[in-house]
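Going letter by letter, the sequence shown gives residues 1112 to 1722 in our numbering. Virtual Cβ for every residue (Gly too), placed ideally from N, Cα, C. Since this is a predicted model, take the numbers as computed values, not measurements.
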Amino acid sequence: MAHAAPRRTDAFYWLLTWLALALHLGRFFELAAAPLLAVYQLVLIGSYALLFVAPIWALSRLAGRFAPRAGAVLSVLLAGAVQLALYGDHLLWQLYGFHLNGFVWNILTTPGGIAALGSSASTEREVALLAAGLFALQGALRLLAAALARRALPAPRLAWVLPLFVVATLGERISYGVSHFYGYSPLLENAQRMPFYQPLTMRRVLEKQFGLERPQRLEVASAKLDGQLRYPQAPLRIEAPAKPLNIVWLVAESWRADTLNARVMPQTHAFAQRAQHFTRHFSGGNGTRIGMFSQFYGLPANLWFPVLDARVGSPLIDVLQQQDYQIKLFTSARFSYPEFDKTLFVKVPREQMVEDDQGETWARDRRNVDNLLKFVEQRDPARPFMTFLFFESPHANYNFPPESVIEPDYLPDFSYASMDLTRDIKGIHNRYLNAVHHLDSQLARVTAHLEKNGLLDNTLVVITGDHGEEFMEKGRWGHNSTFVDEQIRVPLVLWVPGRAAHLEDLRTSHMDLLPTVLPLLGVQNPSQDYAVGRSLFSAQPNRLLLAGNWDRLAFLGEQHKLVLPFTSGSFVGLDVSHADDRQVLDSSKVLQNKLPAIQAEMSSLRRFLAH
């Protein structure tokens, strides 16, 4: 009997932990109205809660054989860590619609990644309190289990649990496999709500063993590309201009198109009216990584990883270095996250790259503008120059100084851990507008300096954003989650010496920047050698634009948007909407109509890879 009490305590503890995990996982779901789908949800939650419990139980039991107290402590610490991970995953799901994945791991493990999130001191404080609370709750479950063990209650036994788990898991797996085969989206979408869900497909079995036919509308090619990088397609042929243009390239984090107006950005708006202003311009991505990649390579998201692996720099930098440009790059974040020091600027010497990631983001932006203007003043006037600045203040938490307030009803501070988007989104949006108003003042400092010193006559100026920012207009906050216009439409203003002011309302893309800029620098190659875009000076209607992120590629037509995953042609990864982001009622019909154009686009992209 001496060992009975600890064993009974353990049995009740694991039962309570399983229930706690199941309740936690239940937060990812809305109870389905259809009875069978509701049963599937319960089976899914229960079986996955047990899957999360199993490794904790095994490790704690192993430790308990050598030191019972250590096993008990380990069971609390490991279970608390799992609860904390699920809390963080649920926050990600609420905000961005994805789980802890390779993208999140990249943020956590890449220098500068965590800082790029823009968390505040209140976020860090509340996360620490939350973690302490979850571990305390897990410890309370251990104490409750000990109390239950002292009562005359039947303790749960592994012999009861294992058969139920096997039956439930097999039922859930088969349900998913059949639903995937026939494209039953309600079940598939529920499965994707589960953190770390591992899908099971049964196509071969159902086709070969049972003679069933998969619906034709599900035969979707993925956006995956395989092969060795061939970029550019041919060596760049350059005939250096007699009077080479200087280049000033200014990019603002999270800058969405509709803020470039006379109220929020009066100075930049006035400058745009004198320049080339592209009003329906789309980033190549819904996040910084691909938004910048598309600007400096003219390539879509599914070629990011081959470029990163090959350490191939931007053709723009190659051209500038061949013509002996003076180069100075500034960022208010880090060049290491995303990995721009291994891609865009891999060939730029480190002393020509200036990072300022300390203090409030608006103050970093001001210091970087100071340093950029100092570089322009102190350059060798006998040689052309290129300078780049990445502004960070419009990124969450949207920082600004008091003099930049145009929306006084803003949220004073917000924490990722405790904010309520339904309650706080108006105040959060007002913070953003104040931050963008500050951005306007800093962009104006640069353009005013260039004009005052007579440099606009021989300097190409690019002013744009890396991606947009959503404020729950389409159901999400921030970026990196969907391809709605709020997340991918950005301003684009070009100052090109000798060209008259022009307002362009046709759709254009970040992938058009290199085909526009490189010919001005003397590149003779056709743009197909180094980009998928075309010159901004010859915009055309009815184009199929591309935008992407870590694992998906979006095809943006005039009437519809279609999103495919990189890894497989699974129905789950597919998304179809109208161009204005309204839901499509008959996605299969749209899909069938658009597939030829998408397949042609994918075939064109394969020219950049050797097979």
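Could you pull the DSSP bridge partners for residue i from this structure?
i, result
"residue 1087", "Here the chain covers residues 1112 to 1722 and nothing more, so residue 1087 does not appear."
"residue 1465", "1441"
"residue 1413", "BP columns for residue 1413 are empty, so no partner."
"residue 1697", "DSSP lists no partner for residue 1697."
"residue 1676", "1663"
"residue 1339", "1721"
"residue 1658", "1665"
"residue 1448", "1445"
"residue 1349", "1634"
"residue 1574", "1361, 1604"
"residue 1141", "DSSP, once it has assigned bridges, lists no residue as partnering residue 1141."
"residue 1581", "1589"
"residue 1687", "1673"
Exposed or buried, which one is residue i when buried takes at least 16 other CB atoms within 10 Å?
i, result
"residue 1506", "buried"
"residue 1285", "exposed"
"residue 1459", "buried"
"residue 1444", "buried"
"residue 1682", "Confidence at residue 1682 is low in this model, with a pLDDT of 48, below 50, so its placement is unreliable and no value can be given for it."
"residue 1142", "exposed"
"residue 1384", "exposed"
"residue 1609", "exposed"
"residue 1672", "buried"
"residue 1580", "buried"
"residue 1180", "exposed"
"residue 1216", "exposed"
"residue 1392", "buried"
"residue 1147", "exposed"
"residue 1588", "buried"
"residue 1113", "Its pLDDT being 43, under 50, residue 1113 is placed unreliably by the model, and the measurement read from it follows with that caveat. Classification of residue 1113: exposed, given that the 10 Å Cβ count is below 16."
"residue 1606", "buried"
"residue 1613", "exposed"
"residue 1200", "buried"
"residue 1451", "buried"
"residue 1678", "exposed"
Residue i: beta carbon under 7 Å from a heavy atom of the ligand PLP?
i, result
"residue 1408", "What this structure holds is no ligand at all, so the ligand PLP is not there to describe."
Measuring alpha carbon to alpha carbon, tell me which residue in the options is nearest residue i.
i, options, result
"residue 1299", "1155, 1626, 1431", "1155"
"residue 1288", "1318, 1190, 1306, 1707", "1318"
"residue 1797", "1425, 1374, 1384, 1366", "Given that the chain is displayed from residue 1112 to residue 1722, the structure contains no residue 1797 and the question cannot be resolved."
"residue 1210", "1309, 1382, 1257", "1309"
"residue 1643", "1171, 1656, 1707", "1656"
"residue 1491", "1168, 1525, 1437", "1437"
"residue 1670", "1470, 1685, 1705", "1705"
"residue 1645", "1660, 1620, 1180", "1620"
"residue 1571", "1716, 1627, 1394, 1512", "1627"
"residue 1401", "1698, 1658, 1714", "1658"
"residue 1623", "1414, 1553, 1521, 1389", "1389"
"residue 1117", "1259, 1219, 1162, 1241", "1259"
"residue 1194", "1237, 1257, 1172, 1243", "1243"
"residue 1629", "1352, 1140, 1301", "1352"
"residue 1617", "1272, 1305, 1387", "1387"
"residue 1676", "1686, 1687, 1663", "1663"
Can you find the residues in the same chain that come closer than 6 Å, C-beta to C-beta, to residue i, ignoring five residues on each side of it along the sequence?
i, result
"residue 1518", "1541, 1544, 1545"
"residue 1661", "1214"
"residue 1249", "1187, 1190, 1191"
"residue 1500", "1361, 1441, 1479, 1483"
"residue 1373", "1380"
"residue 1723", "Because the chain here runs from 1112 to 1722, residue 1723 falls outside it and cannot be looked at."
"residue 1233", "1524, 1526"
Given residue i, which residues of its chain have a CB within under 8 Å of its CB, disregarding the five upstream and five downstream residues?
i, result
"residue 1267", "1122, 1123, 1125, 1126"
"residue 1456", "1424, 1425, 1428, 1440, 1446, 1464"
"residue 1597", "1367, 1579, 1580, 1581, 1582, 1584, 1585"
"residue 1222", "1445, 1447, 1448"
"residue 1708", "1655, 1666, 1668"
"residue 1690", "1667, 1668, 1669, 1670, 1671, 1672"
"residue 1158", "1276, 1279, 1280, 1283"
"residue 1561", "1359, 1487, 1567, 1570, 1572"
Leaving out five residues on either side along the sequence, give the residues of the same chain with a beta carbon under 7 Å from the beta carbon of residue i.
i, result
"residue 1583", "1532, 1536"
"residue 1350", "1633, 1635"
"residue 1503", "1364, 1443, 1444, 1472, 1475, 1476"
"residue 1128", "1164, 1190, 1252"
Does the beta carbon of residue i sit closer than 8 Å to a beta carbon anywhere in chain D?
i, result
"residue 1515", "Among the protein chains of the structure shown there is no chain D, as only one such chain exists."
| beta strand (DSSP E) segments (min. 3 residues) lying fully within the region 1522-1566 | none
| field | Runs of alpha helix (DSSP H) lying entirely within the region 1187-1262, each at least 4 residues, in chain order | value | 1213-1220, 1232-1260
| said: To test your reading of the DSSP string, which unbroken alpha helix (DSSP H) runs of 4 or more residues are found completely within the region 1351-1408? | reply: Qualifying alpha helix (DSSP H) stretches, in chain order: 1377-1385, 1399-1408.
| message | Which runs of the alpha helix (DSSP H) at least 4 residues long sit entirely within the region 1593-1635? Give them in chain order. | response | 1596-1599, 1624-1631
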